[in-house]
Amino acid sequence: MKPSLISLRCDHCGAPIDVKPKAKFVTCGYCRASLAIHHTGSSYSTETIEELRETTEALVKDVQQIKRSTELNRLDDEWERERLRLLGTNKHGRQITSPPNTVVSTIVFAGVILFAIFWTIMASMMFAPMAFFGLIFIVFAIVGMISTHNAKGKYDAAHRRYQRERTSLIREIQGDN
39 MKPSLISLRC DHCGAPIDVK PKAKFVTCGY CRASLAIHHT GSSYSTETIE
89 ELRETTEALV KDVQQIKRST ELNRLDDEWE RERLRLLGTN KHGRQITSPP
139 NTVVSTIVFA GVILFAIFWT IMASMMFAPM AFFGLIFIVF AIVGMISTHN
189 AKGKYDAAHR RYQRERTSLI REIQGDN
């Protein structure tokens, strides 16, 4: 017994097409359009393969856009965590929200060093063992200044890396539009 055929119309030219119930693809005998056959319950329809390709390409482009946007959000979240880690907390446990100002810290440390030199000179004239505290002030000021500049350098390097990566991702996103 011959399987029954289903009568459809070509999505491209409207010509009648007879297909087997289990068919998934067919070529129109009139216009030669490649068609996909959709089975939904008891209804059947056709769609040109070119329309499917265009729809698929648009979906792929949309998915790529979503992936890049997600990547941008991930990068921003990672930077915020890294930024807070690099900035640290103050003596009260509160998060520091901006990087150290190297000009201000240099002026403060220079003031401490000048005071320590003055202390050392004055103490050595009055009671020599007290001059030792001036030297300790100088050492702590120098170590503090180096530490502050190193921390600022690490923060700046991490921020530049983040900005480069973010700019690159934004260019990719804009290039897709």
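Numbered as in the working numbering, the sequence shown ends at 215 without a single skipped number. We put the CB at the ideal spot given by N, CA and C, even for glycine. Note that the structure is predicted; figures quoted are calculated from it, not measured.
Residues that residue i bridges to, as DSSP identifies them
| i | result |
| --- | --- |
| V177 | According to DSSP, V177 bridges with nothing at all. |
| D56 | S45 |
| F63 | A74 |
Cβ distance (whole Å) where residue i is taken to contact residue j below 8 Å
| i | j | result |
| --- | --- | --- |
| G172 | F147 | Not confirmed; about 15 Å, so no contact. |
| C66 | I55 | 6 Å |
| F175 | V150 | 6 Å |
| Y82 | L46 | 6 Å |
| A154 | S162 | 12 Å between Cβ atoms; not a contact. |
| Y133 | L124 | For the record, residue 133 in the displayed sequence is Gln; it is not Tyr. With a Cβ gap of about 11 Å, Q133 and L124 do not count as contacting. |
Boundaries of the beta strand (DSSP E) in which residue i is found, first to last residue
| i | result |
| --- | --- |
| A74 | 72–78 |
* Contiguous beta strand (DSSP E) assignments of at least 3 residues, all confined to the segment 80–165 -> 81–86
* Asked: Per the contact definition of three or more C-beta pairs closer than 8 Å, is the segment 182–200 in contact with the segment 124–138?
  -> yes
* **Validate contact between the segment 198–208 and the segment 104–117 using beta carbons, cut 8 Å, 3 pairs** => yes
* Asked: Which ranges does the beta strand (DSSP E) cover as unbroken runs of at least 3 residues, wholly within the segment 186–215, from first to last along the chain?
  -> none
* Asked: With contact counted as at least three CB pairs below 8 Å, one residue from each stretch, are the segment 102–109 and the segment 84–92 in contact?
  -> no
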